[in-house]
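A.B. asks: Under our numbering, the first residue of the sequence shown is numbered 670, with each subsequent residue one higher. Glycine is no exception: its CB is placed at the ideal position from the N, C-alpha and C atoms.
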Amino acid sequence: MSPEKTKEWLDLVSSALCARKSTNILEEIAWSRKVEKEFFDHEGTRLPEVTYTVDRDALESENADLARVEARIEGDGPIPIWLRAVVHSVIDKNRLLLAAGTKEFGRISLEIYGGAQTTFFGLPVKNIDLAEHLLERLRVHGWDEAEERAETPMDAQSFAEELARRIAKHRPVIKCDVLLDDKCTSKAIAGMTKVRVRPDALFYRWEADGLFCHEVETHSYSAHNGAAQEHAPFLKSGGPRSTPTQEGLAVFAELYNGNLATPRLERLATRVKLVAMAEDGASFLDLYRFLVDRGHGTRDAFLDAARVSRGGIPAGGSYFTKDACYLAGLLHVYAFLAVFVRGGFRDETELLFTGRIALEDISALASLRAMGLISRPLHRPRWLARWNTLLPYFAFNSFMEEIKLTSVEAHYRELIAKAERAVAPHDESTPHGRT
């Protein structure tokens, strides 16, 4: 395919996607604070009453226009396939919004994001299997005298100010404001030019650092890199097809930088369980009570159950499966990095931050870079910029992957058994609870 024809198609897609008024699906299907207040006014005993308002005529008209653009891009090579997928992703987002509040919403969500039963690379391993594995591995075995020192969390204002200071230090300079937003249902959500923080949220140090890695160094940087692409500025917004990769990159950043703490990973895994329950017919109340029964605070339980129920039907049968993407995306991103970092392919690895992309786009982006139509990302997270520390990490892991730990566990069998039997001391005769 000639660079001239490729540029013509890039211009076509850029004109179609960049000129339109962007709609944020999370904002469109978010539950208002009024819904939350009414739920707790009834002491958490009634299903939330939610209505969704979308401009049906505008969405249907846009989809018709985009379908015509998609049809004009011909060919079976990586670039035309990728461009059609980019356009169709926006069509899918509009289809999802048009189905809000109906059973069709859940079906389309599964089609776009996958769900708890989605498998990896054709293997008989599902998202829910990974979630269950992690929850079991994170479970405390026995008792330990050693414990984390109690920490006083920072309030939302302090967190926002610190985040703004960290953003201001980045070079090249990035335009990204931090503001408190009552409508924000997550603790923090980043777009290209702003990070919204929930005013009543509290942040431990690991959360603050993790959110910088996740929201700013991943989501905001990717959007800015996409907007800076002269021939493909539409990469500032990847559409829902890019969500698993983008969330996987963000969670990997937390993991690699040492900020993926046990409570955070447990919550990500538990959300996959919520998606599995919703797929089996659970209502919002079922999800909420499941969390409360397991010790979650009522506010956190409401917000997490709402993440899965938003856009669908609170009574059950239709749900939002995006929360199954985080761990699935992490697994796919980690597998990609294990191959490409281990192989020393720095240019191909950096393509992950060309914009908001999906892993499947790398082949097309590599071809575009060879043509001079895609530029190197200006904003790279610390873990990617420090290539000399990234390569040793995967080099060592590649050797460990070949070692079965069963023999190591057998060697330490007695010590493990003793550790598992440990209990908190009841008197001074067993000061450490170890017998």
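Going by C-alpha distance, which of A993, P749, D680 and L803 is nearest T787?
C.D. replies: In the sequence shown, residue 787 corresponds to position 118, counting from 1. That would be A993, whose Cα lies nearest to the Cα of T787.
A.B. asks: Counting Cβ pairs, one atom from each stretch, are 3 or more of them under 8 Å apart for the region 887-904 and the region 1033-1044?
C.D. replies: In short, these stretches touch, since the Cβ pair count reaches three.
A.B. asks: Check whether the Cβ atoms of L766 and L728 lie closer than 8 Å to each other.
C.D. replies: Numbered from its first residue, the sequence shown carries residue 766 at position 97. Numbered from its first residue, the sequence shown carries residue 728 at position 59. In contact: L766 and L728 (Cβ atoms closer than 8 Å).
A.B. asks: Give the single residue among D969, G879 and P909 whose Cα lies nearest to the Cα of N926.
C.D. replies: Along the sequence shown, read from residue 1 onward, the residue named residue 926 stands at position 257. Answer by Cα proximity: G879.
A.B. asks: Is it buried or exposed for E923, if we count other Cβ within 10 angstroms and need 16 for buried?
C.D. replies: Indexing the sequence shown from 1 puts residue 923 at position 254. The residue in question, E923, is buried, as its Cβ has 16 or more Cβ neighbours within 10 Å.
A.B. asks: Give, in chain order, every unbroken run of the alpha helix (DSSP H) that is at least 4 residues long and sits entirely within the region 1001-1029.
C.D. replies: The qualifying runs are 1015-1019.
A.B. asks: Cβ of P868 within 8 Å of Cβ of D851?
C.D. replies: Here residue 868 refers to the residue found at position 199 when the sequence shown is read from its first residue. Here residue 851 refers to the residue found at position 182 when the sequence shown is read from its first residue. Their beta carbons are under 8 Å apart, which means P868 touches D851 by this criterion.
A.B. asks: If we call anything under 8 Å between Cβ atoms a contact, is E739 one with N763?
C.D. replies: Locating residue 739 in the sequence shown gives position 70, counting from the first residue. Locating residue 763 in the sequence shown gives position 94, counting from the first residue. Result no, Cβ atoms of E739 and N763 do not sit closer than 8 Å.
A.B. asks: What does S987 pair with, by DSSP beta-bridge criteria?
C.D. replies: As a working mapping, residue 987 is identified with position 318 in the sequence shown. The partner list for S987 (beta bridge, DSSP) reads I982.
A.B. asks: Starting from V704, trace the alpha helix (DSSP H) both ways and give me its first and last residue.
C.D. replies: Here the question's residue 704 lines up with position 35 in the sequence shown. Element bounds for V704: R702 to D710.
A.B. asks: Please report the straight-line C-alpha distance between N928 and L1053, rounded to a whole angstrom.
C.D. replies: Here the question's residue 928 lines up with position 259 in the sequence shown. Here the question's residue 1053 lines up with position 384 in the sequence shown. So the alpha carbons of these two residues sit roughly 16 Å apart.
A.B. asks: Report all residues from its chain with a CB closer than 7 Å to the CB of M861; omit the five preceding and five following residues, and keep chain order.
C.D. replies: Position 192 of the sequence shown, counted from the start, is the residue given in the question as residue 861. Closer than 7 Å at Cβ, skipping near neighbours: S889, A892, H893, A896 and K905.
A.B. asks: Identify whether R737 lies in helix, strand or coil by the three-state DSSP scheme.
C.D. replies: Counted from its first residue, the sequence shown places residue 737 at position 68. Reduced to three states, the DSSP call for R737 is helix.
A.B. asks: Rounded to the nearest angstrom, what separates E1089 and R1049 at their Cα positions?
C.D. replies: In the sequence shown, counting from the first residue as 1, residue 1089 sits at position 420. In the sequence shown, counting from the first residue as 1, residue 1049 sits at position 380. Spanning the two alpha carbons is a distance of roughly 43 Å.
A.B. asks: So, are the CB atoms of P1046 and F1009 less than 8 Å apart?
C.D. replies: Position 377 of the sequence shown holds residue 1046. Position 340 of the sequence shown holds residue 1009. No, these two residues do not count as a Cβ contact at 8 Å.
A.B. asks: Report the partner residues of K863 according to the DSSP bridge assignment.
C.D. replies: By 1-based counting over the sequence shown, the position of residue 863 is 194. Partner(s): D846.
A.B. asks: Of all the alpha helix (DSSP H) runs that stay within the bounds of the region 945-977, which reach a length of 4 or more residues?
C.D. replies: The region 945-977 contains these whole alpha helix (DSSP H) runs: 953-962.
A.B. asks: Are the beta-carbon atoms belonging to R1051 and E831 less than 8 Å from one another?
C.D. replies: As a position in the sequence shown, residue 1051 is number 382, starting the count at 1. As a position in the sequence shown, residue 831 is number 162, starting the count at 1. In this structure, E831 does not lie closer than 8 Å to R1051 by Cβ.
A.B. asks: Among the candidates S855, A833, K1087 and G980, whose CA atom is the shortest distance from the CA of F881?
C.D. replies: As a working note, residue 881 is residue 212 in the sequence shown. Cα-wise, what sits closest to F881 is A833.
A.B. asks: Helix or strand or just coil, what does DSSP make of I858?
C.D. replies: Locating residue 858 in the sequence shown gives position 189, counting from the first residue. In this structure, I858 counts as strand in the three-state DSSP scheme.
A.B. asks: Mind the definition here: the region 945-952 touches the region 905-916 only if three or more C-beta pairs lie below 8 Å; say whether that holds.
C.D. replies: No contact exists between the region 945-952 and the region 905-916.
A.B. asks: If you run the structure through DSSP and keep just helix, strand and coil, what is K674?
C.D. replies: Position 5 of the sequence shown, counted from the start, is the residue given in the question as residue 674. Helix.
A.B. asks: May I ask you to report which of helix, strand or coil DSSP gives M823?
C.D. replies: Translated into positions along the sequence shown, residue 823 becomes position 154. If DSSP states are grouped into helix, strand and coil, M823 belongs with the strands.
A.B. asks: For S911, which option in R806, G783, N1057 and F953 has the closest C-alpha, if you only look at C-alpha atoms?
C.D. replies: For the purposes of this step, residue 911 is identified with residue 242 of the sequence shown, where counting begins at 1. Ranking the options by Cα distance to S911, first place goes to G783.
A.B. asks: With contact counted as at least three CB pairs below 8 Å, one residue from each stretch, are the region 1000-1009 and the region 969-986 in contact?
C.D. replies: No, the region 1000-1009 does not touch the region 969-986.
A.B. asks: M1069 lies in the alpha helix (DSSP H); which residues open and close that run?
C.D. replies: Working through the sequence shown from its first residue, we reach residue 1069 at position 400. Element bounds for M1069: W1056 to M1069.
A.B. asks: If you check the beta carbons only, do G908 and S684 fall under 8 Å apart?
C.D. replies: Taking the sequence shown and counting its residues from 1, the one referred to as residue 908 is at position 239. Taking the sequence shown and counting its residues from 1, the one referred to as residue 684 is at position 15. Cβ atoms of G908 and S684: not closer than 8 Å.
A.B. asks: Just to confirm my understanding: we take S1098, look at its own chain, exclude 5 residues before and 5 after, and list those with CB closer than 8 Å. What are they?
C.D. replies: Taking the sequence shown and counting its residues from 1, one reaches residue 1098 at position 429. Since pLDDT at S1098 reaches only 49, below the 50 mark, its modelled position is unreliable, and the value read off the structure follows with that caveat. Correct list: empty, nothing qualifies.
A.B. asks: Cα separation between P1100 and P1094?
C.D. replies: Along the sequence shown, read from residue 1 onward, the residue named residue 1100 stands at position 431. Along the sequence shown, read from residue 1 onward, the residue named residue 1094 stands at position 425. Caution applies to P1100, whose pLDDT of 48 falls short of 50 and renders its modelled position unreliable; the model cannot decide the point.
A.B. asks: As a quick exercise: from Q826, L954, K838 and E820, pick the residue whose alpha carbon is nearest that of W875.
C.D. replies: On the sequence shown, residue 875 is found 206 positions in, with the first residue counted as 1. Out of Q826, L954, K838 and E820, E820 has the C-alpha closest to the C-alpha of W875.
A.B. asks: Between K942 and A800, is the Cβ-Cβ spacing less than 8 Å?
C.D. replies: Within the sequence shown, numbered from 1, the residue matching residue 942 stands at position 273. Within the sequence shown, numbered from 1, the residue matching residue 800 stands at position 131. Result yes, Cβ atoms of K942 and A800 sit closer than 8 Å.
A.B. asks: With a threshold of 16 other CB atoms inside 10 Å of the CB of N796, please say whether the residue is buried or exposed.
C.D. replies: Here residue 796 corresponds to residue number 127 of the sequence shown, with the count starting at 1. Its Cβ being crowded by 16 or more others within 10 Å, N796 is buried.
A.B. asks: Using the beta-carbon count (16 or more within 10 Å), is Y1081 buried or exposed?
C.D. replies: Residue numbering aside, residue 1081 sits at position 412 when the sequence shown is read from its first letter. Burial call: exposed.
A.B. asks: Have a look at K844 and K674 and give me their C-alpha separation to the nearest angstrom.
C.D. replies: Residue mapping note: residue 844 aligns to position 175 of the sequence shown, counting from 1. Residue mapping note: residue 674 aligns to position 5 of the sequence shown, counting from 1. About 33 Å.
A.B. asks: Strictly by DSSP, which residues pair up with K795?
C.D. replies: Position 126 of the sequence shown, counted from the first residue, corresponds to residue 795. Bridge partners of K795: T788.
A.B. asks: Tell me where the alpha helix (DSSP H) around V723 begins and ends.
C.D. replies: On the sequence shown, residue 723 is found 54 positions in, with the first residue counted as 1. Counting along the chain, V723 falls outside any alpha helix (DSSP H), and DSSP gives it neither H nor E.
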